[in-house]
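In the working numbering, the protein residues as written are 16 to 298.
For glycine and all other residues, C-beta sits at the position ideal for the given N, C-alpha and C.
Just below is one structure, and these are the notes that go with it.
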Ligand code: DGL
């Protein structure tokens with residue numbers, strides 16, 4: 016079991032920023048990554064739909080024999096972490112790590128004024144997962160903003176230019192008005208826009224993302240459950256996507272993770288049994 020891979024999943028390629036941090040901090044571990052590109056983006060979808068897709072992908076990772084699960088997607092973490100813990104940790108003895116609480120910890124350590132901005136997808140903001148997590152400290156003031164177009168920009172390879180800056184100014188205006196001293200990047204894609212966000216927010220504002228801190232949680236879980244890989248030969252990493260295009264996944268994946276992504280295996284619907292999309296309500 017200890018030589019089994021760590022299962023990491025996201026709606027698409029964004030979770031590879033988390034996989035990158037895991038590979039850096041745990042270079043002897045093997046990673047099995049699934050991008051649910053057939054249903055990406057999760058951000059604009061109802062949380063119940065995200066929950067169903069995410070649980071199906073995690074079922075598949077468990078069927079492939081992973082020793083630990085990482086929900087490397089903020090929207091999925093916000094939508095279904097507790098369900099995942101019930102199903103996989105209590106139900107099957109497999110630890111689950113997510114990305115919301117690690118980022119909250121990092122932001123709480125970083126802020127001096129306790130005025131914290133949180134940016135994420137529409138689903139993440141709607142779930143209120145971040146403000147809920149900060150509630151333990153009544154002095155913390157959280158201002159949230161959904162930045163839906165940021166994911167589109169990153170996927171298109173756009174990290175600068177007038178359109179991006181215009182969108183960033185608009186999205187981040189409430190955070191500037193609230194004079195936050197820390198901005199939590201509550202979406203897998205946003206670390207790739209760090210420079211633009213920093214320029215718009217100003218140099219004094221600290222940007223916090225969950226990737227590094229999540230990797231520490233993975234390390235902690237492996238230690239706690241005595242699951243460190245013991246094999247001495249180099250680990251093999253495997254990347255899977257549920258969508259239909261290897262090429263677009265590969266191109267973006269290399270940007271998010273680097274050259275370790277040598278190939279992508281497409282897992283077509285049917286291999287992973289994905290739930291049918293919810294039927295439209297008819298009145
Ligand atoms: N991975 C998603 C997140 O971190 C962003 C992309 C999407 O909307 O699926 O929230």
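Residues sharing a beta bridge with residue i, DSSP
{"i": "residue 255", "result": "49, 280"}
{"i": "residue 25", "result": "50"}
{"i": "residue 83", "result": "21"}
{"i": "residue 55", "result": "Residue 55 is not bridged to any residue."}
{"i": "residue 104", "result": "DSSP, once it has assigned bridges, lists no residue as partnering residue 104."}
{"i": "residue 32", "result": "DSSP lists no partner for residue 32."}
{"i": "residue 130", "result": "156"}
{"i": "residue 140", "result": "Residue 140 pairs with nothing; no bridge assigned."}
{"i": "residue 135", "result": "161, 201"}
{"i": "residue 72", "result": "For residue 72, which the question treats as bridged, DSSP gives no partner whatsoever."}
{"i": "residue 112", "result": "85"}
Cα-Cα separation, residue i to residue j
{"i": "residue 21", "j": "residue 86", "result": "11 Å"}
{"i": "residue 95", "j": "residue 66", "result": "5 Å"}
{"i": "residue 143", "j": "residue 201", "result": "12 Å"}
{"i": "residue 92", "j": "residue 249", "result": "30 Å"}
{"i": "residue 262", "j": "residue 155", "result": "44 Å"}
{"i": "residue 73", "j": "residue 112", "result": "12 Å"}
{"i": "residue 159", "j": "residue 150", "result": "14 Å"}
{"i": "residue 208", "j": "residue 31", "result": "15 Å"}
{"i": "residue 278", "j": "residue 129", "result": "44 Å"}
{"i": "residue 162", "j": "residue 135", "result": "6 Å"}
{"i": "residue 56", "j": "residue 141", "result": "15 Å"}
{"i": "residue 4", "j": "residue 174", "result": "Because residue 4 is not part of the residues shown, which for the chain are 16 to 298, the question remains open."}
{"i": "residue 258", "j": "residue 52", "result": "5 Å"}
{"i": "residue 233", "j": "residue 23", "result": "11 Å"}
{"i": "residue 165", "j": "residue 126", "result": "24 Å"}
{"i": "residue 276", "j": "residue 19", "result": "19 Å"}
{"i": "residue 266", "j": "residue 231", "result": "28 Å"}
{"i": "residue 82", "j": "residue 88", "result": "19 Å"}
{"i": "residue 39", "j": "residue 271", "result": "13 Å"}
Buried versus exposed call for residue i [16 or more other C-beta atoms within 10 Å across all chains shown]
{"i": "residue 260", "result": "exposed"}
{"i": "residue 35", "result": "buried"}
{"i": "residue 241", "result": "exposed"}
{"i": "residue 206", "result": "buried"}
{"i": "residue 180", "result": "exposed"}
{"i": "residue 17", "result": "exposed"}
{"i": "residue 176", "result": "exposed"}
{"i": "residue 246", "result": "exposed"}
{"i": "residue 285", "result": "Residue placement at residue 285 cannot be trusted, given a pLDDT of 47 that sits under 50; the coordinates are not used to answer."}
{"i": "residue 75", "result": "buried"}
{"i": "residue 282", "result": "buried"}
{"i": "residue 219", "result": "exposed"}
{"i": "residue 211", "result": "buried"}
{"i": "residue 238", "result": "exposed"}
{"i": "residue 44", "result": "buried"}
{"i": "residue 46", "result": "buried"}
{"i": "residue 101", "result": "exposed"}
{"i": "residue 147", "result": "exposed"}
{"i": "residue 167", "result": "exposed"}
{"i": "residue 29", "result": "buried"}
{"i": "residue 105", "result": "exposed"}
{"i": "residue 227", "result": "buried"}
{"i": "residue 25", "result": "buried"}
Rounded Cβ spacing between residue i and residue j (contact assumed at less than 8 Å)
{"i": "residue 139", "j": "residue 203", "result": "No, residue 139 and residue 203 are not in contact; Cβ-Cβ is about 10 Å, not under 8 Å."}
{"i": "residue 229", "j": "residue 33", "result": "5 Å"}
{"i": "residue 145", "j": "residue 114", "result": "Contact flag wrong, Cβ pair sits at about 11 Å."}
{"i": "residue 236", "j": "residue 110", "result": "4 Å"}
{"i": "residue 50", "j": "residue 27", "result": "5 Å"}
{"i": "residue 253", "j": "residue 280", "result": "7 Å"}
{"i": "residue 169", "j": "residue 133", "result": "Residue 169 to residue 133, Cβ: 18 Å. No contact."}
{"i": "residue 118", "j": "residue 77", "result": "In fact, because the Cβ distance is near 25 Å, the residues do not count as touching under 8 Å."}
{"i": "residue 215", "j": "residue 183", "result": "5 Å"}
{"i": "residue 185", "j": "residue 58", "result": "That pair is no contact at about 17 Å."}
{"i": "residue 98", "j": "residue 70", "result": "6 Å"}
{"i": "residue 190", "j": "residue 122", "result": "In fact, because the Cβ distance is near 13 Å, the residues do not count as touching under 8 Å."}
{"i": "residue 48", "j": "residue 255", "result": "7 Å"}
Residue i CB to nearest heavy atom of ligand 3 below 8 Å
{"i": "residue 267", "result": "The model depicted lacks ligand 3 and carries ligand 1 instead."}
Problem set entry | Unbroken stretches of the beta strand (DSSP E), 3 residues or longer, contained in the segment 160-235 | With a minimum length of 3 residues, the continuous beta strand (DSSP E) runs that stay inside the segment 160-235 are 197-201, 221-224.
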